[in-house]
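> One structure follows; several queries about it will come next.
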Amino acid sequence: MYRIDIITLFPDTVGDVLSESILGRAQERDYLRIEAHQLRDYTVNKQKQVDDYPYGGGHGAVLQADPLYRCWEHLCRQAEGKPRTIYLSPCGKTFTQADARRLAWEEEHLILVCGHYEGIDQRFIDECVDEEISIGDFVLTGGEIAAMAVADAVSRLVPGVLSDPACFENESHWNGLLEYPQYSRPEVWHGRAVPPELLTGDHAKVERWRRKQSLLRTRQRRPDLYERLDLSSREDQKLLAELERELSRPILPRPVECRPAAEGDVPTIVEIIAQARAWMDANGIDQWTEEYPAAADYRNDMAQGECYVLTCGGQVGAVFTLYARPEESYAAITDGKWGGGTEPYASIHRCAVAEQWRGSGLAGEMAAAWEELARGMGLSWLRIDTHKKNKAMLGLLRKSGFQYRGNVLVGAQPPHDPRRVAYEKKLKGVGQR
Ligand SMILES: C[S@@+](CC[C@H](N)C(=O)[O-])C[C@H]1O[C@@H](n2cnc3c(N)ncnc32)[C@H](O)[C@@H]1O
């Protein structure tokens, strides 16, 4: 059984705290014994005085060496082996999880000495103390809180105290990392949702998400710890590259709202389209031409009530057109077929996100807006086409749950490429009560 004896002027306080919950149960099951000893019981004077003035003058009092020694000697005499004696002191080495592990696994018996007032007589430290531990760069009134912190951190690592070593092996500071964020029920609280990765039921995905969050937290909050990590594994390198990309993303101003486009939006729409066209040119994507889409196409869409913009923080950041009527070029599909057959559907055209919001998640918000509009119209299928080289759009479609259905031809004239890949998404629950 692991033993911790605490020498203190306030044994009741210490005993009460350390006999609750997990440590209390561990003591009941004899994995552990923690006892606090009243220093005054080891005095030889009637007044039970344990302190006196400091030699050389100054404020306060100092705990005398003799009562400390008597108590310590009594505990050592009763001990089976040689206990390790620790004085809790702001002058000690700062306590870490590695110290807790060392003391739990390499020792069997600790004597924790709590100072008070100005501290304790140095001669007791020189003669009896093996190490001095501080719990941080601040000064407490007495060593009790520090002793309780050390006793608690050590005890929970003593074999048998926690049911499974995994309980502490995943915790902050075990392997140099801070722990990932934790969530419990309900799934949404005050409008804040649990990260979707934790709801997948896919153990590998959950572990990957947790490692990534741990890396991120450690990097942001404790660069000193982060610097010392070995992140050379392939998996960590991949996670770091992902984090790098995510951290360099622009932060989308809120709220993000979808509304029908108006004439006043046309100049911004034209600019967004010019940016998208330049991006396609730079990436060798022969999807939009010099003439298409033009301001006139969007004005025409607006007149039909089919053009929408997404605003973020009040500024137009994306544009798209949604038809709730059959799209001519989708009638003939090759190398596959539409899942919705002849059922009514909505189709998306001429969509683009402003350059400054690329990678910000606005495209995903736009895809959600398509769905919401189509649902609102009672349509359970969404269709869209894109150029096979348009990786950004293909990525968005896959991420948003669209499926490849086949190939279609659009009205592009030579020398432009009229071939497009066709995608479709079934909107669940539409029309159901
Ligand atoms: C008021 S303090 C004495 C501080 C001492 N005069 C000094 O300046 O270093 C009284 C006792 O509280 C405990 N203590 C205070 N701060 C501590 C810390 N950061 N870590 C561990 N023990 C601490 C020590 O046992 C100390 O003897």
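Residue 435, in the working numbering, is where the sequence shown stops; the numbers in between run on with no holes.
For glycine and all other residues, C-beta sits at the position ideal for the given N, C-alpha and C.
With distances taken between CB atoms, is the gap from Ser331 to Val412 smaller than 9 Å?
As a first step, residue 331 is located in the sequence shown; it is residue number 329 there, counting from the start. As a first step, residue 412 is located in the sequence shown; it is residue number 410 there, counting from the start. Yes, they are a contact pair.
> Look at Glu426 and Trp372 and say whether their C-beta atoms are less than 9 Å apart.
In the sequence shown, counting from the first residue as 1, residue 426 sits at position 424. In the sequence shown, counting from the first residue as 1, residue 372 sits at position 370. It is not a contact, given that the beta carbons lie outside the stated cut-off.
> Report the CB separation of Ile88 from Leu112 in whole angstroms; it is logged as a contact under 8 Å.
Along the sequence shown, read from residue 1 onward, the residue named residue 88 stands at position 86. Along the sequence shown, read from residue 1 onward, the residue named residue 112 stands at position 110. Rounded, the Cβ-Cβ distance is 6 Å, consistent with contact.
> What is the DSSP secondary structure of Trp290, reduced to helix, strand or coil?
Locating residue 290 in the sequence shown gives position 288, where the first residue counts as 1. DSSP places Trp290 in coil when its eight states are reduced to three.
> If contact is defined by three or more beta carbon pairs under 8 Å, each pair taking one atom from either stretch, is the stretch 288–306 in contact with the stretch 268–276?
With the cut-off at 8 Å, the stretch 268–276 and the stretch 288–306 touch.
> What residue from Gln80, Pro56, Val152 has the CA that sits closest to Pro120's CA?
Position 118 of the sequence shown holds residue 120. In the sequence as displayed, the identity of residue 120 is Glu instead of Pro. Among Gln80, Pro56, Val152, the Cα nearest to that of Glu120 is on Pro56.
> Tell me whether Glu199 sits in a helix, a strand or coil according to DSSP, three-state version.
In the sequence shown, the residue the question calls residue 199 occupies position 197. Glu199: helix per DSSP, three-state reduction.
> DSSP state of Arg42, grouped into three classes?
Along the sequence shown, read from residue 1 onward, the residue named residue 42 stands at position 40. Note: Arg42 maps to helix in three-state DSSP.
> With DSSP run on the structure shown, which of helix, strand or coil describes Gly397?
Locating residue 397 in the sequence shown gives position 395, where the first residue counts as 1. DSSP places Gly397 in helix when its eight states are reduced to three.
> Taking 9 Å as the cut-off, decide whether the C-beta atoms of Pro252 and Arg219 are in contact.
As a position in the sequence shown, residue 252 is number 250, starting the count at 1. As a position in the sequence shown, residue 219 is number 217, starting the count at 1. No, these two residues do not count as a Cβ contact at 9 Å.
> CB of Ala148 to nearest heavy atom of ligand 1: below 8 Å?
Numbered from its first residue, the sequence shown carries residue 148 at position 146. Result yes, Cβ under 8 Å from ligand 1.
> For Cys78, which residues does DSSP report across the bridge?
Here residue 78 corresponds to residue number 76 of the sequence shown, with the count starting at 1. Looking at the DSSP assignment, Cys78 forms no beta bridge with any residue, so it has no partner.
> Report yes if the CB atom of Arg79 is closer than 9 Å to the CB atom of Ile36, and no otherwise.
The sequence position of residue 79 within the sequence shown is 77, counting from 1. The sequence position of residue 36 within the sequence shown is 34, counting from 1. No, the Cβ-Cβ distance between Arg79 and Ile36 is not below 9 Å.
> Considering only residues of the same chain and omitting the five flanking positions on each side of Ala356, which have a CB-CB separation below 7 Å?
Position 354 of the sequence shown, counted from the start, is the residue given in the question as residue 356. If we look at Ala356 and ignore the five residues flanking it on each side, its Cβ neighbours are Ile274, Gln277, Gly319, Ala320.
> Does ligand 1 have even one heavy atom less than 8 Å from the beta-carbon of Asp139?
Position 137 of the sequence shown, counted from the start, is the residue given in the question as residue 139. A distance criterion of 8 Å places the beta-carbon of Asp139 in contact range of ligand 1, judged by its closest non-hydrogen atom.
> Once the 5 residues before and after Leu231 are set aside, which same chain residues still bring their CB inside 6 Å of it?
The residue labelled residue 231 in the question sits at position 229 within the sequence shown. Excluding positions up to five away in sequence, the list reads Gly178.
> Looking only at C-alpha atoms, which of Phe126, Glu108, Glu109 sits nearest to Cys116?
Against the sequence shown, residue 116 aligns to sequence position 114. Checking every option, the nearest Cα to that of Cys116 belongs to Phe126.
> Quick one: residues in its chain with C-beta nearer than 6 Å to the C-beta of Leu227, no 5 flanking neighbours on either side, listed in chain order?
Counting from one through the sequence shown, the residue named residue 227 turns up at place 225. Here the set comprises Gly178, Thr220.
> Could you say which of Asp43, Asp128, Val410 lies nearest to Thr336 if we only look at CA atoms?
As a position in the sequence shown, residue 336 is number 334, starting the count at 1. Per the Cα distances, Val410.
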